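Residue numbers (UniProt numbering): 1 to 235.
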């Protein structure tokens, strides 16, 4: 009877004891220069208590927590997997050769309490390898799109600010031109008034020179006023 039990146990496969999620590949989402995380769920679908152990072909690149434990019948456990960061890689052309090795072994309560479980895994362990892959992270892609949109917004704001400054400069230029035109118009009016005053004074001088009623002092004063007004008009 014992012989038949051993033969039956050897015929049973890894998949007869557990279901893995994911089934055959661990996928990490790429984030530049950041730790990348994934999970593995092991479900015990047998009537027996199982030991499990997880190893990797590249221990320096991965952290596995917990890497070893016990799963009761019809229970499951979740394993956290962490990959060390890459700075800049081409995800589409990257081909990883790393693998995770899942080892399970059927045990009773007494065997599960042993200090050294390596012998049990060596004698009774069933194994399955999972490949490793990296995909482009949606969060990273969304962040890049968000950054592009923000850059476009900033460019639009800079353009609007430049346009506003341009409009302000044009308005200031028109205001300056209007001020200049007003000053010129005012200057022309004052010049015209001064010319009229000069004509009046010259007319008076002409009358004085013809009349003997005015003294020479009056004539000189009128002449000086004429010169002063003429100088102002020329300016």
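Each residue gets a CB set at the ideal place from its N, CA and C atoms; glycine is no exception. Computed from a predicted structure; not experimentally measured.
What residues in its chain sit with their C-beta under 6 Å from that of residue i, if we drop five residues either side in the sequence?
i          : result
residue 67 : 54
residue 87 : 33
residue 36 : 28, 83
residue 57 : 98, 99
residue 3  : Low confidence applies to residue 3: its pLDDT is 48, below 50, so where it sits in the model is not reliable, and the reading given next is rough at best. Cβ neighbours of residue 3 beyond the five flanking positions: none.
Among the options, which one has its Cα closest to the Cα of residue i?
i           : options            : result
residue 76  : 16, 191, 20, 109   : 20
residue 135 : 109, 105, 56, 96   : 96
residue 113 : 92, 69, 191, 13    : 69
residue 107 : 200, 17, 221, 224  : 17
residue 61  : 172, 85, 115       : 85
residue 92  : 119, 137, 127, 224 : 137
residue 12  : 59, 127, 115       : 127
In whole angstroms, what is the alpha-carbon distance linking residue i and residue j?
i           : j           : result
residue 124 : residue 49  : 13 Å
residue 29  : residue 105 : 31 Å
residue 23  : residue 52  : 16 Å
residue 117 : residue 31  : 37 Å
residue 110 : residue 89  : 48 Å
residue 15  : residue 121 : 17 Å
residue 221 : residue 168 : 53 Å
residue 71  : residue 65  : 15 Å
residue 143 : residue 26  : With a pLDDT of 49 at residue 143, under the threshold of 50, the modelled position of that residue is not reliable, and the figure given next carries that caveat. So the two alpha carbons sit approximately 24 Å from each other.
residue 224 : residue 172 : 44 Å
residue 200 : residue 188 : 18 Å
residue 190 : residue 196 : 10 Å
May I ask you to check if the CB of residue i is nearer than 8 Å to at least one heavy atom of the ligand SAM?
i          : result
residue 28 : Among the components of this structure there are no ligands whatsoever, and the ligand SAM is therefore not found.
Among residues of its own chain, excluding the 5 on either side of residue i, which ones have a beta-carbon nearer than 7 Å to its beta-carbon?
i          : result
residue 73 : 44, 46, 47, 48, 49
residue 38 : 26, 27, 28, 81
residue 63 : 82
Between which two residues does the alpha helix (DSSP H) containing residue i stretch?
i           : result
residue 111 : 109–112
residue 121 : 118–124
residue 14  : 14–17
What are the boundary residues of the beta strand (DSSP E) that includes residue i?
i          : result
residue 44 : 36–44
residue 75 : Per DSSP, residue 75 belongs to no beta strand (DSSP E) and is neither H nor E.
residue 28 : 25–30
residue 64 : 62–65
residue 57 : Residue 57 -> no beta strand (DSSP E), and no H or E assigned at all.
Go through its chain and collect everything with a Cβ distance to residue i's Cβ below 8 Å, but skip five positions before and after it.
i           : result
residue 94  : 134
residue 59  : none
residue 115 : none
Item checked: Cβ contact (3+ pairs, closer than 8 Å) linking the stretch 126–137 and the stretch 87–107 -> yes
Margin query: Three Cβ pairs or more, each shorter than 8 Å: is that satisfied between the stretch 42–60 and the stretch 77–96?
Written below: Verdict: yes, contact present.
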